[in-house]
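According to the working numbering, numbering within the sequence shown proceeds without interruption in unit steps and concludes at 429. Worksheet: one structure, shown below.
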Amino acid sequence: MNHKSSSELFAEAKLLMPGGVSSPVRAIRPYPFYTTSAAGAHLATVDGTTLIDCCMAYGPLILGHVHPAIRTAIAGQLESGWLYGTPSPLEPEFAKLVTGDHPGMDMVRFVSSGSEATMAAIRLARGFTGKKDIVKIEGGFHGAHDAVLVKAGSGATTMGVPDSAGVLADLVAHTRQVPYNDPEALESVLSAHNDVAALIIEPVLGNIGPVLPRDNYLRDIREITKAHDVILIFDEVITGYRVGIGGAQVKYGTKPDLTTLGKIIGGGLPIGAFGGRREIMELVAPQGPVYQAGTFSGNPLSLTAGIATIRHLHNHSTIYRDLEGKTRALEESIGSKDGGSFVRLGSMFKYFFRNTPPQNYREVKECDTTAFGTFWQGMFRAGIFVPPSQFETNFLSAAHNDQDLAALAQAYTQCR
Ligand code: PLP
């Protein structure tokens with residue numbers, strides 16, 4: 014394949030932008046391919062190649078690229094304007110939908126990204142409890158802000174940089190960490206420290222996964238946090254509407270105090286949201302003393318795309334079953350092989366270069382990243398784009414058809 018145009022674009026971009034990219038995980042070596050258009054389950058590159066996409070923009074595009082219903086909704090809203098700086102009727106409409114779907118959300122605030130949502134949720138938990146510390150899960154990723162950029166997953170793990178320069182040690186000293194799937198570790202941290210405001214957790218580890226919760230793990234941490242008066246924040250930026258309507262809190266029957274959302278709820282446009290128990294949310298400004306604000310919050314285009322996506326998911330009840338069927342078929346076709354394990358949950362899946370499915374961050378780090386590098390190159394040559402990191406989840410969408418799945422099964426089998 015000739016990727017001359019991508020290589021030239023990257024050479025120019027590197028002079029103008031740090032690392033040549035707008036977000037670290039996109040910096041594929043020796044240079045990333047440049048996308049010019051997308052449709053359904055496919056990306057078209059500036060070099061004239063078409064790729065089957067198993068990244069789906071890292072999760073938002075559950076219906077596929079340029080889905081007609083979302084496109085029509087966005088086009089319709091464009092006629093009426095794309096930023097008002099005032100409330101719009103879209104906000105209560107979407108708030109009703111989102112809170113109706115999530116048992117842990119009586120009220121919601123819309124923001125512009127998942128990072129903004131987790132940042133605000135942590136501030137709110139501190140404001141509500143009057144306590145200082147937070148606990149996060151090793152390998153959990155909650156965006157690129159200071160309090161949570163500690164042993165993060167996603168790009169930070171891939172680059173082997175668990176912390177970031179510029180993050181104050183004093184600040185991170187308020188962030189404690191425990192391993193995933195280990196309720197005893199959480200119990201002992203909370204027993205030893207009584208100044209913990211919140212536990213923030215991806216209920217299914219998505220940024221190094223999927224790493225799945227063991228039986229009763231989420232219920233156990235719910236009980237432990239309750240017993241210690243610690244706010245439980247489910248970061249459902251990936252799992253929200255991905256593992257089903259109502260996200261992981263419905264799937265695993267565990268009600269958090271606060272929930273953060275992003276990705277799918279924007280239908281592919283920038284968005285985030287945080288919400289939770291009424292008595293906690295009533296502390297958010299202007300109703301209460303916990304300040305949070307944003308020029309683009311409740312953006313009409315993002316809300317329109319989000320409403321169209323969530324309504325589509327509600328109205329097509331077979332989507333989640335079909336998605337589950339696709340990853341199951343993929344697993345059955347690929348089978349198991351020494352040195353690898355296939356993990357899936359609904360439309361989230363991954364081939365780990367490790368004999369057994371990992372249970373936590375330490376086990377994920379045991380994966381053979383050299384084997385992954387060779388695999389990634391092979392997949393790319395076969396016309397398939399999987400996220401360029403052993404640590405990122407692969408995603409399928411409603412747009413992946415039988416032909417795409419057959420090509421995926423063949424390539425995974427050959428390249429792993
Ligand atoms: N939380 C989780 C679980 C995420 O996966 C991400 C991003 O990948 C974020 C928060 C941050 O979201 P955003 O990239 O929209 O800021």
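By construction, the Cβ of each residue, glycine as well, lies at the ideal position given by its N, Cα and C atoms.
Inter-residue spacing [alpha-carbon to alpha-carbon] between residue i and residue j
i: Met69; j: Ala52; result: 11 Å
i: Glu151; j: Gly396; result: 34 Å
i: Gln372; j: Arg291; result: 34 Å
i: Asp381; j: Asn407; result: 17 Å
i: Leu184; j: Glu215; result: 21 Å
i: Arg227; j: Lys149; result: 18 Å
i: Ala439; j: Pro37; result: Nothing can be reported for residue 439, as the shown portion of the chain is limited to 14 through 429.
i: Gln403; j: Ile221; result: 8 Å
i: Gly66; j: Arg357; result: The sequence shown places Asp at residue 66, rather than the Gly named in the question. Spanning the two alpha carbons is a distance of roughly 17 Å.
i: Ile208; j: Asn368; result: The displayed chain sequence assigns Asp, not Ile, to residue 208. Near 40 Å, if we compare the C-alpha coordinates of Asn368 and Asp208.
i: Ser354; j: Phe107; result: 39 Å
i: Ser167; j: Arg136; result: Only weak support is given to the placement of Ser167: the predicted model assigns it a pLDDT of 49, under 50, and the value that follows is read from those uncertain coordinates. Near 23 Å, if we compare the C-alpha coordinates of Arg136 and Ser167.
i: Ala270; j: Pro43; result: Looking at the sequence itself, residue 270 is Asp, so the reference to Ala does not match. The straight-line gap from Cα to Cα measures roughly 44 Å.
i: Thr48; j: Asp233; result: 44 Å
i: Leu29; j: Pro45; result: 15 Å
i: Asp335; j: Pro299; result: 43 Å
i: Leu225; j: Thr188; result: 23 Å
i: Gly127; j: Ile284; result: 7 Å
i: Ser35; j: Pro400; result: 16 Å
i: Ile347; j: Arg122; result: 42 Å
i: Thr267; j: Asn229; result: 10 Å
i: Phe247; j: Val263; result: 12 Å
i: Lys363; j: Gly288; result: 30 Å
i: Leu218; j: Tyr374; result: 9 Å
Where residue i falls: helix, strand or coil (DSSP)
i: His241; result: coil
i: Asp233; result: helix
i: Gly32; result: helix
i: Val217; result: coil
i: Ala286; result: strand
i: Phe23; result: helix
i: Thr188; result: strand
i: Gly72; result: coil
i: Ile150; result: strand
i: Ser315; result: helix
i: Lys118; result: It is Met, not Lys, that sits at residue 118 in the sequence shown. Coil.
i: Tyr304; result: coil
i: His158; result: coil
Residue i CB to nearest heavy atom of the ligand PLP below 7 Å
i: Tyr71; result: yes
i: Asp159; result: no
i: Val148; result: no
i: Asp415; result: no
i: His16; result: no
i: Glu215; result: yes
i: Gly253; result: no
i: Asn312; result: no
i: Asn207; result: no
i: Thr131; result: yes
i: His155; result: yes
i: Asn5; result: The structure shown does not extend to residue 5, since the chain is modelled only from 14 through 429, so no value can be given for it.
i: Gly79; result: Note that residue 79 corresponds to Val in the displayed sequence, not to Gly. No.
i: Ser437; result: No statement about residue 437 is possible, as the shown extent of the chain runs from 14 to 429 and does not include it.
i: Asp248; result: yes
i: Gly285; result: yes
i: Gly260; result: no
i: Gly275; result: yes
i: Asn328; result: no
i: Gly219; result: yes
beta-carbon residue i near the ligand NAP non-hydrogen atom, thresh 7 Å
i: Gly307; result: In the structure on display, the ligand NAP does not appear, and the ligands it does have are the ligand PLP.
Query raised in the report: Any contact of the segment 78-89 with the segment 306-313, i.e. 3+ C-beta pairs under 8 Å?
Result: no
Query - Touching by the beta-carbon criterion (3+ pairs, under 8 Å), the segment 71-78 and the segment 395-413 - result: yes
Requested in this report: Tell me, please, whether the segment 137-144 touches the segment 112-120 by the rule of three or more beta-carbon pairs shorter than 8 Å.
Outcome: no
Requested in this report: Could you tell me whether the segment 272-279 touches the segment 314-332, using the rule of 3 or more Cβ pairs below 8 Å?
Outcome: yes
Query raised in the report: How about the segment 199-214 and the segment 238-246: do they share at least three Cβ pairs that are nearer than 8 Å?
Result: yes
**Report entry** Meets three-Cβ-pair contact criterion under 8 Å: the segment 55-62 and the segment 381-390
**Finding:** no
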